[in-house]
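Going by the UniProt record's numbering, 85 is the number at position 85 of the sequence shown; the sequence numbering is gapless. This report concerns only the one structure given below.
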Amino acid sequence: MFNRYNNAVEFNGKAEDVLEVLAWFKELIYDKGAGWQMGGEKFSNISFLGDGRIWFESNGDSGPEILREIAEEFRVGFVHYFGKNSYYGEAVFSQGNLHITVLDEDDLGSIGYDETIMSYTVGQRPFANHRDAIDHLLAQKKLENQPGQNEADNYRGQKR
Numbered sequence: 001m002f003n004r005y006n007n008a009v010e011f012n013g014k015a016e017d018v019l020e021v022l023a024w025f026k027e028l029i030y031d032k033g034a035g036w037q038m039g040g041e042k043f044s045n046i047s048f049l050g051d052g053r054i055w056f057e058s059n060g061d062s063g064p065e066i067l068r069e070i071a072e073e074f075r076v077g078f079v080h081y082f083g084k085n086s087y088y089g090e091a092v093f094s095q096g097n098l099h100i101t102v103l104d105e106d107d108l109g110s111i112g113y114d115e116t117i118m119s120y121t122v123g124q125r126p127f128a129n130h131r132d133a134i135d136h137l138l139a140q141k142k143l144e145n146q147p148g149q150n151e152a153d154n155y156r157g158q159k160r
């Protein structure tokens, strides 16, 4: 269990294509005992969450490349959240492009808890729960990693 990732994925695209990929996962659950292996990667404990997402455990890797292959086969996109221990990330596959954003131990260490206001914080900014703080850090990291973002910031700074 030590080297396992916890994963949640939500597929998007044309309704009939999304239904097709969900049916494929449903078949895995019922026919293959909620497990599946491709190459060295193994997905286990596959289940549906109440909100339409699929939850699974994976070993060795969080699985965005395998999910990409599945998404390409079914002509869908996805948003995939994955994590283990002090490591959390998001993979977004859309229009043939896979973008992965990872928060490491240092990033996650910037989340604090302020007992006086009973809120999680990043810097001085409060959040209602831990998940909102993680989402904020993911959004910040995505902005930092956008191609051309530094050039745009420099241009805005020169323009003032």
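A virtual CB, placed ideally from N, CA and C, is assigned to each residue, including glycine.
Item, Value
"Between residue 107 and the rest of its own chain, which residues show a CB-CB distance below 6 Å, the 5 nearest in sequence each way excluded?", "137"
"Please return the same chain residues whose Cβ sits closer than 6 Å to the Cβ of residue 121, not counting the five positions on each side in sequence.", "112, 114"
"Can you tell me which of the three DSSP states residue 117 falls into?", "coil"
"Does residue 152 come out as helix, strand or coil in the three-state DSSP assignment?", "Caution is warranted here: a pLDDT of 47 is assigned to residue 152, below 50, making its placement in the model unreliable, and no coordinate value can be reported."
"Opposite residue 25 in the DSSP bridges: which residues?", "Bridge partners of residue 25: none, in fact."
"For a minimum of 4 consecutive residues, which ranges assigned as the alpha helix (DSSP H) are wholly contained in the UniProt domain \"YubB ferredoxin-like\" (50-110)?", "64-74, 105-109"
"Should residue 160 be labelled buried (16 or more other beta-carbon atoms within 10 Å of its own) or exposed?", "Because the pLDDT of residue 160 is 43, which lies under 50, any placement of that residue in the model is unreliable, and the question is left without a value."
"If I follow the unbroken alpha helix (DSSP H) through residue 140, where does it start and stop?", "130-144"
"Measuring only the C-alpha atoms, how far is residue 116 from residue 134?", "21 Å"
"Going by beta-carbon coordinates alone, are residue 71 and residue 78 separated by less than 7 Å?", "yes"
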